[in-house]
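K.L.:
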Amino acid sequence: MADPPDRARLARSRRTFIRLTGATFLGGSAAAIAACGGGKKQDTETTVSTTQAQGDAAVLNAALELEYTAVAAYEIGIGMLKGRALADAREFLAHEREHAAALTRAVTDLGTEPVKPRARSAYAAGFPRIKSATDFLDFALDVESTAVAAYLDSLAALNTDPLRAEMASIMTNEAEHLAVISGLLRRPQVPNAFVTGESPT
Amino acid sequence: MRLTRRQVLMASAAGAAFPSVALADDKKAMTAAALSSSLAAVQVAVVSYEAIANAGILERSVQSTFRSFLQQENAHAKALGDALDQMGKSQPVPPRRNEIGGLDSLKTQAQALAFAIGFERRAISTYYRSMSNLKDANALKTLASIMGCDGQHVTVLRQLAHQPAVPNAFETGAA
C-alpha cells in the first residue's frame with residue numbers, strides 16, 4: 206500500500222478527475238414522468254414546464270455520466286479482486302448498470318436524448334494507476350462518494366416530484382456500497398451520522 | 105356601487121398574492137409533515153437501539169455497533185427536531201419501550217438484528233416517501249443524508265445477520 210502522503214496525493218487526483226466528469230451535474234431541474242427506476246410508481250403526477258423538463262434532463266444526464274464512470278471503474282477494477290471483494294464488486298457493477306438503465310429511461314421519458322457511454326478506454330485514460338486490489342477499492346470509494354455528493358446536490362434542483370425519491374433511492378444505494386467497500390478496507394463502515402459523500406480518503 | 109381605481113388595484117393584487125401565500129403555506133405544511141413523520145421513525149430507532157444495547161443479548165462487538173448507531177440516531181433526532189423547532193412546529197412525543205411492538209420480547213442476537221433491520225427499513229421507507237413531497241432544499245438535504253446513513257446501518261446489520269448486504273440497486277426501504 207502507498208504511504209500516507211502518496212495516498213493523499215492519489216486521492217486528490219482521483220477526486221479531481223471524478224469531479225470533472227460530473228462537473229455538469231447541476232444543470233437545472235425537472236419534468237413530468239412517473240419514476241426513473243426502482244421504486245413503486247407514484248400516484249401523483251406533477252406538471253412541469255418544458256424548460257423545467259429540460260433542466261431535469263440535464264441533471265439526470267450528468268448523473269448518467271457518473272454512472273457510466275462507475276460502470277467503467279468496476280469493469281476495469283474487478284479483475285484485481287478475489288473472494289468476497291470480487292463478489293461484492295460484481296453485485297455493485299450490476300447495480301450501477303441498473304442505475305444507468307433507469308436514468309436512461311427517465312431522460313428519454315422527459316423527451317431528451319440520453320447521453321451515450323464513451324468507450325471504456327476514454328474513462329480508463331482519466332483513471333489513476335491502479336496496481337492492486339487496495340488501490341482499486343480506494344478508487345471505488347472515491348467514485349461512490351462522489352456519486353453520493355452529486356445526487357445529494359441534485360435533489361433540490363429537480364422539479365419532478367417522483368424523481369427526487371428515485372434519486373434518493375439511488376444515492377442511498379451508493380451509500381450502502383460505500384459501507385461495504387469501507388468494510389473491505391477495514392475502515393469504519395458508518396463513520397458519520399450524515400452521509401454527504403465527502404471522501405474519507 | 106362603483107369601485108375606485110385603487111380598490112380595483114388592491115383587489116387584483118390580493119388575488120395575485122393569495123395563491124403564492126397558499127402555496128408557501130402548503131410547502132411549509134408538507135415540509136413539517138415530512139420532518140415530523142421522519143422524526144417519529146428516528147425516535148423508534150433511538151428507543152429500540154438503546155433498549156437492545158442494554159438487554160444483555162448482544163455479543164460485545166455487536167453491542168458496540170448498536171451503541172454507535174444509537175449515537176447517530178440521536179444526531180438525526182436532534183437535526184430533525186431542530187428543523188421543526190425553527191419552523192415553530194412541535195416535535196412528536198417519543199414512544200415508550202412498551203409501545204414498540206416486539207421490542208420487549210427479543211431474546212437472542214439474531215432476533216435483535218432482524219428487529220433492527222426492520223425498523224431501519226421502515227425509517228428508510230418513510231424518508232423515501234417524503235422525498236416526493238419535500239421541496240425545501242435544506243430539509244431535502246438533511247433527510248437524504250440521514251437516509252444514506254440509515255442505508256449504511258441496514259447494510260451493516262444485514263452483514264451481521266449473514267444476509268446479502270445490498271440486495272437491491274434502489275434502496276426504498278421495501279422488503
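For the record, the sequence lines run as chains A and B. FYI, the numbering for the first sequence is 206 to 406, going by the working numbering. FYI, the numbering for the second sequence is 105 to 279, going by the working numbering. Where a beta carbon is used, it is the ideal one built from N, C-alpha and C, also for glycine.
1. On a Cα-Cα basis, can you pick out the residue from 380(A), 385(A) and 345(A) that is closest to residue 333(A)?
2. State whether the region 262–275 of chain B contacts the region 213–223 of chain B, with contact taken as three or more CB pairs (one from each stretch) at a distance under 8 Å.
3. Residues in the same chain with beta-carbon distance under 7 Å from residue 212(B), minus the five sequence neighbours each way, listed in chain order, please.
4. Can you grab the Cα-Cα spacing for the pair residue 137(B) / residue 198(B), in whole Å?
5. Which of the residues in the region 225–239 of chain B, read from start to end, lie with their CB under 9 Å from any CB of chain A?
6. Give the residues of chain A in contact with residue 251(B), contact being defined as C-beta atoms less than 9 Å apart.
7. Pick out whichever of 318(A), 311(A) and 338(A) has its Cα sitting closest to the Cα of residue 288(A).
8. Restricting to runs no shorter than 4 residues, where is the alpha helix (DSSP H) found entirely within the region 221–276 of chain B?
9. Per DSSP, what kind of secondary structure is residue 204(B) in: helix, strand or coil?
10. Tell whether a beta-carbon distance below 9 Å holds between residue 143(B) and residue 185(B).
11. Do three or more CB pairs link the region 310–322 of chain A to the region 258–273 of chain A at distances below 8 Å?
12. Listing by chain order, which chain B residues have their CB less than 7 Å from the CB of residue 296(A)?
13. According to DSSP, is residue 141(B) helix, strand or coil?
14. Can you tell me the Cα-Cα spacing of residue 147(B) and residue 221(B), whole angstroms?
15. Please list the terminal residues of the continuous alpha helix (DSSP H) segment that includes residue 391(A).
16. Could you tell me which of 153(B), 183(B), 182(B) and 139(B) sits nearest to residue 169(B), measuring between CA atoms?
17. Could you give the uninterrupted runs of the alpha helix (DSSP H) lying entirely in the region 147–217 of chain B, keeping only those of 4 residues or more?
18. Between the alpha carbons of residue 253(B) and residue 343(A), how many angstroms are there, rounded?
19. Taking C-beta pairs closer than 8 Å, name the residues in chain B that residue 191(A) reaches, listed in chain order.
20. Closest Cβ-Cβ distance between residue 135(B) and chain A: below 9 Å?
21. Name the chain A residues that come within less than 7 Å of residue 131(B), Cβ to Cβ?
22. Mapping DSSP to helix, strand and coil, what is residue 371(A)?
23. Three Cβ pairs or more, each shorter than 8 Å: is that satisfied between the region 187–195 of chain B and the region 221–235 of chain B?
24. Secondary structure at residue 135(B), three-state DSSP: helix, strand or coil?
25. May I have a chain-ordered list of the beta strand (DSSP E) segments no shorter than 3 residues that lie completely inside the region 279–329 of chain A?
26. By the DSSP assignment, the alpha helix (DSSP H) with residue 400(A) in it spans what residues?
27. Quick one: what does DSSP say residue 339(A) is sitting in, helix, strand or coil?
28. What's the gap between the Cα of residue 275(B) and the Cα of residue 261(B)?
P.N.:
In short, the structure shows the following:
1. For the purposes of this step, residue 333(A) is identified with residue 128 of the first sequence, where counting begins at 1. It is 345(A).
2. Result yes; three or more Cβ-Cβ pairs closer than 8 Å.
3. Residue 212(B) sits at position 108 when you count from the first residue of the second sequence. Here the set comprises 161.
4. In the second sequence, residue 137(B) corresponds to position 33, counting from 1. In the second sequence, residue 198(B) corresponds to position 94, counting from 1. Distance between the alpha carbons of residue 137(B) and residue 198(B): 16 Å.
5. Along the region 225–239 of chain B, the positions whose C-beta sits under 9 Å from a C-beta of chain A are 228, 231, 232, 233, 234, 235, 236, 237, 238 and 239, read in chain order.
6. Position 147 of the second sequence, counted from the first residue, corresponds to residue 251(B). Going along chain A in sequence order, the residues near residue 251(B) (Cβ under 9 Å) are 373, 374, 376, 377, 380 and 400.
7. The residue you call residue 288(A) lines up with position 83 of the first sequence. Distance from the Cα of residue 288(A) is smallest, within the candidate group 318(A), 311(A) and 338(A), for 338(A).
8. As far as the region 221–276 of chain B is concerned, its whole alpha helix (DSSP H) runs of at least 4 residues are 241–264.
9. On the second sequence, position 100 is the one that residue 204(B) refers to. Residue 204(B): coil per DSSP, three-state reduction.
10. One-based indexing of the second sequence puts residue 143(B) at position 39. One-based indexing of the second sequence puts residue 185(B) at position 81. Against a cut-off of 9 Å, the Cβ pair of residue 185(B) and residue 143(B) comes out as a contact.
11. A contact between stretches requires three or more CB pairs, one per stretch, nearer than 8 Å, and the region 310–322 of chain A meets this requirement with the region 258–273 of chain A.
12. Here residue 296(A) refers to the residue found at position 91 of the first sequence. Those within 7 Å of residue 296(A) in chain B are 270.
13. As a first step, residue 141(B) is located in the second sequence; it is residue number 37 there, counting from the start. Residue 141(B): helix per DSSP, three-state reduction.
14. Sequence index remark: in the second sequence, residue 147(B) carries index 43 (1-based). Sequence index remark: in the second sequence, residue 221(B) carries index 117 (1-based). Rounded to the nearest angstrom, the gap between the Cα atoms of residue 147(B) and residue 221(B) is 15 Å.
15. For the purposes of this step, residue 391(A) is taken as the residue at position 186 of the first sequence. Taken as a continuous stretch (DSSP letters only), residue 391(A) belongs to no alpha helix (DSSP H), as it is neither H nor E.
16. Along the second sequence, one-based indexing puts residue 169(B) at 65. When each option's Cα is compared against that of residue 169(B), the closest is 153(B).
17. Here the runs fully enclosed are 164–190.
18. What you label residue 253(B) is simply residue 149 of the second sequence in a count that begins at 1. What you label residue 343(A) is simply residue 138 of the first sequence in a count that begins at 1. Straight through space, the alpha carbons of residue 343(A) and residue 253(B) are spaced by roughly 20 Å.
19. Because chain A here runs from 206 to 406, residue 191(A) falls outside it and cannot be looked at.
20. Mapped onto the second sequence, residue 135(B) falls at position 31. Interface annotation, residue 135(B): not in contact with chain A, CB-CB separation never under 9 Å.
21. Indexing the second sequence from 1 puts residue 131(B) at position 27. Correct list: empty, because the minimum Cβ distance to chain A is about 12 Å.
22. The sequence position of residue 371(A) within the first sequence is 166, counting from 1. Assigned with DSSP and collapsed to three states, residue 371(A) falls in helix.
23. Output reads no: the region 221–235 of chain B does not touch the region 187–195 of chain B.
24. Looking up residue 135(B) in the second sequence gives position 31. Helix.
25. Fully enclosed beta strand (DSSP E) runs of 3 or longer: not present.
26. Your numbering for residue 400(A) matches position 195 in the first sequence. Judged by DSSP secondary structure, residue 400(A) falls outside any alpha helix (DSSP H); it is assigned neither H nor E.
27. As a first step, residue 339(A) must be located in the first sequence, where it is residue number 134. Here residue 339(A) sits in helix by DSSP.
28. Stepping through the second sequence from its first residue, residue 275(B) is reached at position 171. Stepping through the second sequence from its first residue, residue 261(B) is reached at position 157. Taking the straight line from one Cα to the other gives about 15 Å.
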